[in-house]
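Asks: Please find one structure pasted underneath; my questions will follow.
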Amino acid sequence: MGLEEARKEMAPKLGFPALIGTANPEREAWILNGFVAKSDSESRRLEQATNRLGFDPTRQPYRLRGDRQRSAQDAERDIKRVLAELVASDSVASDSGREQDCLQDTPLKVLVARGGETGLSDFLQEVHSKLLPLFDSVPVKPCNALDP
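In my numbering, the protein residues as written are 165 to 312.
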């Protein structure tokens, strides 16, 4: 609410739309929303993480935490640890490259469907409604992928 209030207050002074994107609990949640296993080993790692956590971290990353200063038991739910486990390199490709793939290669419909509780769906909606019109004079058509 504070960010919305600040945007509303600053809008006349900026002269351009300001987008709000806040990940819940941290940016890794958005990467996890887009994680789709690309190999057998990634599928196994996702299954192991899901079994250990008791929920699918790609569909409910908001249930993870960002505080590494917890007990060993709570460390299992560290969002950075879970993401690193899932995107661990199978080949020469870097983990950061694999993270980028999670957002670039995953269909928009999947990101929107998974991103409701992490803030990703709201951010994508803002990009569609406020940013895209700046690049095209044709009115932006509704995007079916952004429908929940």
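Backbone N, C-alpha and C define an ideal beta-carbon position, used for all residues, glycine too.
#1: Going by the CB atoms, is the gap between Gly230 and Pro189 shorter than 7 Å?
#2: Does the beta-carbon of Ala213 have 16 or more other beta-carbons within 10 angstroms, so that it is buried, or is it exposed?
#3: Report the residue ranges of all alpha helix (DSSP H) runs contained in full by the segment 279-308; include only those spanning at least 4 residues, in chain order.
#4: Go to Thr111, then tell me how far its alpha helix (DSSP H) extends in each direction, as first and last residue.
#5: Helix or strand or just coil, what does DSSP make of Asp242?
#6: Check whether the Cβ atoms of Ala187 and Gly261 lie closer than 7 Å to each other.
#7: From which residue to which residue does the alpha helix (DSSP H) around Asn188 run?
#8: Going straight from the alpha carbon of Asp220 to that of Ala175, what length do you get?
#9: Around the C-beta of Ile184, are 16 or more other C-beta atoms found within 10 angstroms, so that it is buried, or is it exposed?
#10: Is it buried or exposed for Phe199, if we count other Cβ within 10 angstroms and need 16 for buried?
#11: First and last residue of the alpha helix (DSSP H) that includes Met174?
#12: Spatial neighbours of Arg241 within its chain, please: CB distance less than 6 Å, with the 5 preceding and 5 following residues excluded, ordered by chain position.
#13: Taking only the alpha-carbon atoms, compute the straight-line gap between Asp286 and Val246 and give it to the nearest angstrom.
#14: How would you call Val302, buried or exposed, if buried means at least 16 neighbouring beta carbons within 10 angstroms?
Replies: Looking at the atomic coordinates:
#1: Taking the sequence shown and counting its residues from 1, one reaches residue 189 at position 25. Taking the sequence shown and counting its residues from 1, one reaches residue 230 at position 66. Taking 7 Å as the Cβ cut-off, Pro189 and Gly230 qualify as a contacting pair.
#2: Translated into the one-based positions of the sequence shown, residue 213 becomes position 49. Its Cβ being crowded by 16 or more others within 10 Å, Ala213 is buried.
#3: 284-290
#4: Since the first residue shown for the chain is 165 and the last is 312, residue 111 is missing from the structure and cannot be characterised.
#5: One-based indexing of the sequence shown puts residue 242 at position 78. In the structure shown, Asp242 sits in a strand (DSSP, three-state: E or B).
#6: By 1-based counting over the sequence shown, the position of residue 187 is 23. By 1-based counting over the sequence shown, the position of residue 261 is 97. Taking 7 Å as the Cβ cut-off, Ala187 and Gly261 do not qualify as a contacting pair.
#7: Residue 188 sits at position 24 when you count from the first residue of the sequence shown. It is not in any alpha helix (DSSP H) - Asn188 carries neither H nor E in the DSSP assignment.
#8: The residue given as residue 220 occupies position 56 in the sequence shown. The residue given as residue 175 occupies position 11 in the sequence shown. Distance from the CA of Asp220 to the CA of Ala175, rounded to the nearest whole angstrom, comes to 39 Å.
#9: Walking along the sequence shown from the start, residue 184 turns up at place 20. Classification for Ile184: exposed.
#10: Here the question's residue 199 lines up with position 35 in the sequence shown. Buried, since its Cβ has 16 or more Cβ neighbours within 10 Å.
#11: On the sequence shown, position 10 is the one that residue 174 refers to. Start and end: 166-178.
#12: Here residue 241 is taken as the residue at index 77 of the sequence shown, counted from 1. So the qualifying residues of the chain are Leu228, Arg229.
#13: Translated into the one-based positions of the sequence shown, residue 286 becomes position 122. Translated into the one-based positions of the sequence shown, residue 246 becomes position 82. Taking the straight line joining both Cα atoms gives about 24 Å.
#14: Taking the first residue of the sequence shown as 1, we reach residue 302 at position 138. Counting Cβ neighbours within 10 Å, Val302 comes out exposed, since fewer than 16 surround it.
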